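J.:
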Amino acid sequence: MDAFQLVSRALASRLGIDLSEISLDTELMELGVDSLDSAELLMELEEKLGIEIEASKQMKTVRDVVNEIDRAAKA
Amino acid sequence: MNRRVVITGMGAVTPVGIGVEVFWNSLKEGKCGVDKIERFDPVNVKSSLSGEVKDFDPLKYQEVKEASHTDRCGQFALAAAIEAVEQSGVVGTVDPFRAAVYVGTGIGGFETTESNCRKLVEKGARRISPFFIPMIIANMPAGSIAIKYGFQGQATPAVTACASGSNAIGEAVRAIRHGYADVIVAGGGEAPITEASVAGFNAMKALCAAEDPKLASLPFDKRRGGFVIAEGAGILVLEELERAVKRGAKIYGEIVGYGATCDAYHMTAPRPDGAGAAQAVVEALQEANYRPGERVYVNAHGTGTALNDIAETKALKIAFGEDEARKLTISSTKSETGHMLGAAGAVEAIACALALRDNIAPPTINLLEPDPECDLDYVPLTAREGEFDLAISNSFGFGGHNACLAIRRPPQL
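Residue numbers (the numbering used here), protein chains in the order written: chain A, 1 to 75; chain B, 1001 to 1413.
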């Protein structure tokens, strides 16, 4: 599973929405994901992937999260 | 300013049913809500019984995301608030800054506290949820209800252990009476059936160790050995009388008195002479303009601990006088529900309003062997018909908190 699939699935189950509502350019705010929600999402992904994500980074879109995961996975 | 305060909505989530009428029918039938603990595996604790809310689906009341970020305690409070507020029809009739939320809890997010402490030990500090703090703080049930309805008046939850629900309602009554708000959603919620919580109450020797549900919650019975821990929520919509009448709201009762004191005696034990509790009852009766000879239903605190039931019996004798105390119709509905801690007083206030409405006192079930030191009329085993002029609900909490609410039928206008 690639990073986008992971992120979109985590978001969909968390928010109770359909996967089709999430694209790379979807803004987190649009989905009703606030700063606490995104901190919780990143924590779940960190645990699942065994990586460490820089929590202070501003993440506006799903793409930002995916890029951060890819970067952390390479680190 | 001394305005009158009436009940225009009620909501209940209890071990004997979800929804006020389901709950009330169960009480009248003497249904036992005590059963084997299923919230966690009780293999390592001394108590195997509790009063759990069965078949509760938080997604009936909240979206997936909100529900996952609300402790079970707040989920119950919100569910009961939705029932009460929808029944009241108050939404859209009130200035948001004149509508408030006074919903207390004894402890707060016990399940969330425990799950995050486990994470801390097992996985380290990095795995503590960003929702840990907002989910455990004891004021969050009130905050969540305020968010749900946009009620922007003061939201101040009472945190007085097992008196929380009653103190929240009493303080709300005073706030409306004295003009600080016109509508208040008031009551309590609690979800304390976790391993650490049960172990903690066990360590205090506060819980009964019975394995048979019919021998567990035994208020005023000489076989009693502690309370049965339970969960739930009770919520009232309280409203200033004139505005309630003007908008044609259905009125379920009037809160006519409130008394509150502190024993200032011991962390957990009540004053053995019942003097602190008695004073709370006296204050509530005075506000209610109680006159000797009136027919009174008492929903007792009646936990089924050795100390409470004797001290409460003494308190009632002090407050009413020995002769009038013998005429009281008293029951402990904790015999049916178990002890919902901070939710108990609010749920029991609902039972009082309905006892007045239906002219019936719910029973103290399981009461087969009365304690000679508890020698009043506790309506053993089955409900009893009877017309009452006044109902009072007692709640006493660890820390010495005593609260008493007095309720009358809706005013005849």
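C-beta: ideal position from N, C-alpha, C; glycine also. None of these values were measured; they are calculated from a predicted model.
Three or more C-beta pairs under 8 Å: does that hold for the region 1143 to 1151 of chain B against the region 1090 to 1108 of chain B?
T.: The answer is yes - the region 1090 to 1108 of chain B touches the region 1143 to 1151 of chain B, with three or more Cβ pairs under 8 Å.
J.: Pick helix, strand or coil for residue 1320 of chain B, following the three-state DSSP scheme.
T.: What you label residue 1320 of chain B is simply residue 320 of the second sequence in a count that begins at 1. Helix.
J.: What are the boundary residues of the alpha helix (DSSP H) that includes residue 942 of chain B?
T.: Examination of residue 942 of chain B is not possible in this model, given that chain B is present from 1001 through 1413 alone.
J.: For residue 1049 of chain B, which three-state DSSP category applies?
T.: Counting from 1 along the second sequence, the entry for residue 1049 of chain B is found at position 49. Three-state DSSP puts residue 1049 of chain B in a strand.
J.: Applying a beta-carbon distance threshold of less than 8 Å, which residues of chain B neighbour residue 14 of chain A?
T.: As a first step, residue 14 of chain A must be located in the first sequence, where it is residue number 14. Those are 1064, 1065, 1068, listed as they occur along chain B.
J.: Compute the Euclidean distance between the alpha carbons of residue 1317 of chain B and residue 1289 of chain B, then round it to the nearest angstrom.
T.: The residue given as residue 1317 of chain B occupies position 317 in the second sequence. The residue given as residue 1289 of chain B occupies position 289 in the second sequence. Cα to Cα, the separation comes out at about 18 Å.
J.: Output yes if chain A places a C-beta closer than 8 Å to the C-beta of residue 1129 of chain B; else output no.
T.: Within the second sequence, residue 1129 of chain B is the residue found at index 129, counting from 1. Yes, residue 1129 of chain B counts as interfacial toward chain A.
J.: Using the beta-carbon of each residue, which ones in chain B are nearer than 7 Å to residue 40 of chain A?
T.: Stepping through the first sequence from its first residue, residue 40 of chain A is reached at position 40. Within chain B, the residues near residue 40 of chain A are 1129, 1130, 1131.
J.: Shortest alpha-carbon distance to residue 1190 of chain B belongs to which of B:1401, B:1378, B:1386, B:1112?
T.: In the second sequence, counting from the first residue as 1, residue 1190 of chain B sits at position 190. For the residues B:1401, B:1378, B:1386, B:1112, the minimum Cα distance to residue 1190 of chain B belongs to B:1112.
J.: Count the other CB atoms, across all protein chains shown, that sit within 10 Å of the CB of residue 1188 of chain B; report buried if there are 16 or more and exposed otherwise.
T.: Taking the second sequence and counting its residues from 1, one reaches residue 1188 of chain B at position 188. So residue 1188 of chain B counts as buried.
J.: Evaluate residue 1178 of chain B with the Cβ neighbour count: other Cβ atoms within 10 Å of its Cβ, from every protein chain shown; 16 or more gives buried, anything less gives exposed.
T.: Taking the second sequence and counting its residues from 1, one reaches residue 1178 of chain B at position 178. It is exposed - the Cβ of residue 1178 of chain B has fewer than 16 other Cβ atoms within 10 Å.
J.: Quick check on the DSSP output: what are the complete alpha helix (DSSP H) runs of length 4 or more inside the region 1195 to 1239 of chain B, in order along the chain?
T.: You should have 1195 to 1203.
J.: For residue 45 of chain A, go through chain B and note every residue whose CB falls closer than 7 Å to its CB, in chain order.
T.: As a working mapping, residue 45 of chain A is identified with position 45 in the first sequence. In chain order: nothing, as chain B lies at least about 12 Å away.
J.: When you compare the CB positions of residue 1181 of chain B and residue 1154 of chain B, do they come within less than 8 Å of one another, or not?
T.: For the purposes of this step, residue 1181 of chain B is taken as residue 181 along the second sequence, with counting starting at 1. For the purposes of this step, residue 1154 of chain B is taken as residue 154 along the second sequence, with counting starting at 1. The answer is yes: Cβ separation under 8 Å.
J.: For a cutoff of 8 Å on Cβ pairs, would you count residue 19 of chain A as touching chain B?
T.: The residue you call residue 19 of chain A lines up with position 19 of the first sequence. With 8 Å as the cut-off, residue 19 of chain A does not count as an interface residue toward chain B.
J.: Residue 69 of chain A and residue 7 of chain A: beta carbons closer than 8 Å?
T.: One-based indexing of the first sequence puts residue 69 of chain A at position 69. One-based indexing of the first sequence puts residue 7 of chain A at position 7. Cβ distance < 8 Å, so residue 69 of chain A and residue 7 of chain A count as in contact.
J.: Shortest alpha-carbon distance to residue 1268 of chain B belongs to which of B:1281, B:1082, B:1125, B:1397?
T.: To locate residue 1268 of chain B, count along the second sequence from 1; it is residue 268. It is B:1397 whose Cα lies nearest to the Cα of residue 1268 of chain B.
J.: So residue 1184 of chain B is in the beta strand (DSSP E); what residue range does that whole segment cover?
T.: What you label residue 1184 of chain B is simply residue 184 of the second sequence in a count that begins at 1. It spans 1183 to 1190 - the beta strand (DSSP E) in which residue 1184 of chain B sits, taken as one unbroken run.
J.: Could you check whether the region 1269 to 1287 of chain B touches the region 1246 to 1261 of chain B, counting it as contact only if at least three pairs of C-beta atoms, one from each stretch, sit closer than 8 Å?
T.: Contact holds: three or more Cβ-Cβ distances are below 8 Å.
J.: Is the CB-CB distance between residue 1392 of chain B and residue 1374 of chain B below 8 Å?
T.: Locating residue 1392 of chain B in the second sequence gives position 392, counting from the first residue. Locating residue 1374 of chain B in the second sequence gives position 374, counting from the first residue. Not in contact: residue 1392 of chain B and residue 1374 of chain B (Cβ atoms no closer than 8 Å).
J.: For residue 6 of chain A, return the contacting residues in chain B, with the cut-off set at a CB-CB distance below 8 Å.
T.: To locate residue 6 of chain A, count along the first sequence from 1; it is residue 6. Ordered by position in chain B, no residue passes the 8 Å Cβ test against residue 6 of chain A, which lies about 18 Å from the chain.
J.: Measure the C-alpha to C-alpha separation of residue 1017 of chain B and residue 1025 of chain B and round it to an integer number of angstroms.
T.: The count along the second sequence starts at 1 and reaches residue 1017 of chain B at position 17. The count along the second sequence starts at 1 and reaches residue 1025 of chain B at position 25. So the alpha carbons of these two residues sit roughly 9 Å apart.
J.: Which stretch, first to last residue, makes up the beta strand (DSSP E) that contains residue 1010 of chain B?
T.: As a position in the second sequence, residue 1010 of chain B is number 10, starting the count at 1. 1005 to 1014 is the span of the beta strand (DSSP E), which, as asked, contains residue 1010 of chain B.
J.: How about residue 1011 of chain B and residue 1235 of chain B: are their beta carbons less than 8 Å apart?
T.: Translated into the one-based positions of the second sequence, residue 1011 of chain B becomes position 11. Translated into the one-based positions of the second sequence, residue 1235 of chain B becomes position 235. Yes, the Cβ-Cβ distance between residue 1011 of chain B and residue 1235 of chain B is below 8 Å.
J.: Once you ignore the five residues that flank residue 1205 of chain B on each side, which residues in its own chain have a CB closer than 6 Å to its CB?
T.: As a working note, residue 1205 of chain B is residue 205 in the second sequence. Taken in chain order, the list of residues that qualify is empty.
J.: Please report how far the alpha carbon of residue 49 of chain A lies from the alpha carbon of residue 1270 of chain B, in whole angstroms.
T.: In the first sequence, counting from the first residue as 1, residue 49 of chain A sits at position 49. In the second sequence, counting from the first residue as 1, residue 1270 of chain B sits at position 270. Using only the alpha carbons, I get a separation of about 54 Å.
J.: Taking C-beta pairs closer than 7 Å, name the residues in chain B that residue 49 of chain A reaches, listed in chain order.
T.: Within the first sequence, the letter at position 49 stands for residue 49 of chain A. Those within 7 Å of residue 49 of chain A in chain B number zero; the least Cβ separation is about 14 Å.
J.: Residue 1225 of chain B: which of B:1399, B:1074, B:1213 sits nearest, CA to CA?
T.: The residue you call residue 1225 of chain B lines up with position 225 of the second sequence. Answer by Cα proximity: B:1213.
J.: By the 10 Å Cβ neighbour count, where 16 or more other Cβ atoms means buried, how is residue 1131 of chain B classified, buried or exposed?
T.: For the purposes of this step, residue 1131 of chain B is taken as residue 131 along the second sequence, with counting starting at 1. So residue 1131 of chain B counts as buried.
J.: For residue 1295 of chain B, does the three-state DSSP call read helix, strand or coil?
T.: For the purposes of this step, residue 1295 of chain B is identified with residue 295 of the second sequence, where counting begins at 1. Coil.
J.: Identify the contact partners of residue 36 of chain A in chain E, using a Cβ-Cβ distance below 7 Å as the criterion.
T.: Going by chain labels, chain E is absent from the structure shown, which instead holds the protein chains A and B.
J.: Residue 1385 of chain B to residue 1359 of chain B, Cα distance in whole Å?
T.: The sequence position of residue 1385 of chain B within the second sequence is 385, counting from 1. The sequence position of residue 1359 of chain B within the second sequence is 359, counting from 1. Answer to the nearest angstrom: the Cα atoms are 6 Å apart.
J.: May I ask you to report which of helix, strand or coil DSSP gives residue 1364 of chain B?
T.: Counting from 1 along the second sequence, the entry for residue 1364 of chain B is found at position 364. In this structure, residue 1364 of chain B counts as strand in the three-state DSSP scheme.
J.: For residue 1121 of chain B, does the count of other Cβ atoms within 10 angstroms reach 16, so buried, or fall short, so exposed?
T.: Along the second sequence, one-based indexing puts residue 1121 of chain B at 121. With fewer than 16 other Cβ atoms within 10 Å, it is exposed.
J.: Within a Cβ cutoff of 6 Å, which residues of the same chain sit near residue 1058 of chain B, ignoring the five residues on either side of it in sequence?
T.: Counting from 1 along the second sequence, the entry for residue 1058 of chain B is found at position 58. 1067, 1075, listed in sequence order.
J.: How big is the Cα-Cα spacing for residue 41 of chain A and residue 11 of chain A?
T.: Numbered from 1 along the first sequence, position 41 holds the residue referred to as residue 41 of chain A. Numbered from 1 along the first sequence, position 11 holds the residue referred to as residue 11 of chain A. Distance between the alpha carbons of residue 41 of chain A and residue 11 of chain A: 8 Å.
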